[in-house]
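Numbering (my numbering), first residue to last: 2 to 110. Cβ coordinates follow ideal geometry from the N, Cα and C atoms, glycine included. The structure displayed is predicted, hence computed values, not measured ones. The structure appears right after this line, and notes come after that.
Next comes the structure, spelled out in structure tokens:
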């Protein structure tokens, strides 16, 4: 799964959606990863292996005891210490799923 590090800076003002921190396990095209933050348009995760930019991935994450699966594209992958920070932009998410994710984000922010 791809993730993106968010800092409170000018780059945050360019975001189209509010992003919140979330420390959860997730699957990224079957591989284990760790969610770091998420918004309704994408996420940042840490992965033990690099994933090339523009790779299409399948994301699986459990939110509020419900497994959600979405498609996305890796938009950034940078090494940080002994792991990779992978940013993913959601490319295929049904409106109902996006609404559920928005409610989840509102509930933890």
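Three-way DSSP call (helix, strand, coil) for residue i in this model
i: residue 103; result: helix
i: residue 60; result: strand
Chain B within 7 Å of residue i, Cβ atoms only
i: residue 101; result: Checking the listed chains, one finds no chain B in this structure; it contains a single protein chain.
Spatial distance of residue i from residue j (CA atoms)
i: residue 100; j: residue 81; result: 32 Å
i: residue 58; j: residue 68; result: 16 Å
i: residue 72; j: residue 53; result: 15 Å
i: residue 106; j: residue 44; result: 12 Å
i: residue 28; j: residue 109; result: 21 Å
Check: residue i C-beta below 6 Å from any heavy atom of the ligand MN
i: residue 54; result: Here there are no bound small molecules, and the ligand MN is not part of this structure.
Residue environment, residue i, which counts as buried when at least 16 other CB atoms sit within 10 Å
i: residue 83; result: exposed
i: residue 11; result: With a pLDDT of 34 at residue 11, under the threshold of 50, the modelled position of this residue cannot be trusted, and the question is left open.
i: residue 37; result: buried
i: residue 55; result: exposed
i: residue 34; result: buried
Residue j beta carbon less than 7 Å from that of residue i
i: residue 87; j: residue 48; result: yes
i: residue 20; j: residue 40; result: yes
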